[in-house]
Amino acid sequence: MRLHKEELCSATGTAPKMLVIPSLTECNLVCSQSYAEKGLRILAFPCNQFGGQEPGTEREIKEFVSTYGVEFDMFGKIDVNGSNADPLYVFLKNAKHGTLTNNIKWNFTKFLCDRHGVPVKRYSPTTSPLDIVKDIEKELLKE
Numbered sequence: 000m001r002l003h004k005e006e007l008c009s010a011t012g013t014a015p016k017m018l019v020i021p022s023l024t025e026c027n028l029v030c031s032q033s034y035a036e037k038g039l040r041i042l043a044f045p046c047n048q049f050g051g052q053e054p055g056t057e058r059e060i061k062e063f064v065s066t067y068g069v070e071f072d073m074f075g076k077i078d079v080n081g082s083n084a085d086p087l088y089v090f091l092k093n094a095k096h097g098t099l100t101n102n103i104k105w106n107f108t109k110f111l112c113d114r115h116g117v118p119v120k121r122y123s124p125t126t127s128p129l130d131i132v133k134d135i136e137k138e139l140l141k142e
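This is the structure:
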């Protein structure tokens, strides 16, 4: 697990496919070495806008998730909704609309992006990472 603060464009320049999430723990279910070797990169953005579930500092968050043995890219804490929403999430929400509203409803909303950083699909907070494996595999097969 790495904690990043750099701009996303520098990260996406080397990422063939991406799964972007504002959560910390569910990702390991789909972040197997085999998918990483095929080019999948999971980018996680901690957010404290959902019931105060990420109140810690970036260092505390890094220490907490390291106990799970995570292997995805961890970025600094951001807002995903409201006037202070990170530009990445403004872009993602505008590209792939949610049900009823574009707001991120909970920490487990996920976006699958192609090798160019274009959002392919948005997944609800209740969608299990195991339920998106077929979409990930389909995207990994694209040239």
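First residue of the sequence shown: 0, per numbering that gives the first Met the number 0; consecutive thereafter.
We put the CB at the ideal spot given by N, CA and C, even for glycine.
Check your understanding: For the putative contact between Tyr88 and Ile103, defined by C-beta atoms under 8 Å, what is the C-beta separation to the nearest angstrom?
Key -> 7 Å
Exercise for review: Have a look at Arg58 and Val79 and give me their C-alpha separation to the nearest angstrom.
Suggested key: 20 Å
Check your understanding: In three-state DSSP terms, what is Phe110?
Key -> strand
Point to revise | Reduced DSSP category for Lys120 - H, G, I as helix; E, B as strand; rest coil | key: strand
**Study point:** Nonlocal neighbours in the same chain, by C-beta distance under 6 Å from Phe49, ignoring five residues either side
**Key:** Trp105 and Asn106
Exercise for review: Have a look at Asn83 and Ile77 and give me their C-alpha separation to the nearest angstrom.
Suggested key: 9 Å
**Study point:** Simplified DSSP assignment, three categories, for Leu99
**Key:** coil
Review point. Which first and last residues belong to the beta strand (DSSP E) in which Ile60 is found?
Key: Not the beta strand (DSSP E): Ile60 falls in the alpha helix (DSSP H), residues Glu57 to Ser65.
**Study point:** chain D contact for Ile60 (CB, 7 Å cutoff)
**Key:** No chain D appears in the structure shown, which is made up of a single protein chain.
Practice item. Return the CA-CA distance between Asp113 and Tyr34, expressed in angstroms with no decimal places. Key: 14 Å
Review point. Using the beta-carbon count (16 or more within 10 Å), is Glu136 buried or exposed?
Key: exposed
Check your understanding: Of the residues Val64, Lys120 and Pro45, which one's Cα is nearest the Cα of Asp85?
Key -> Pro45
Practice item. Can you give me the Cβ contacts of Gln52 inside the same chain, cut-off strictly under 8 Å, excluding the 5 residues immediately before and after it? Key: Asn106
Review point. Where does Asp85 fall in DSSP's three states?
Key: coil
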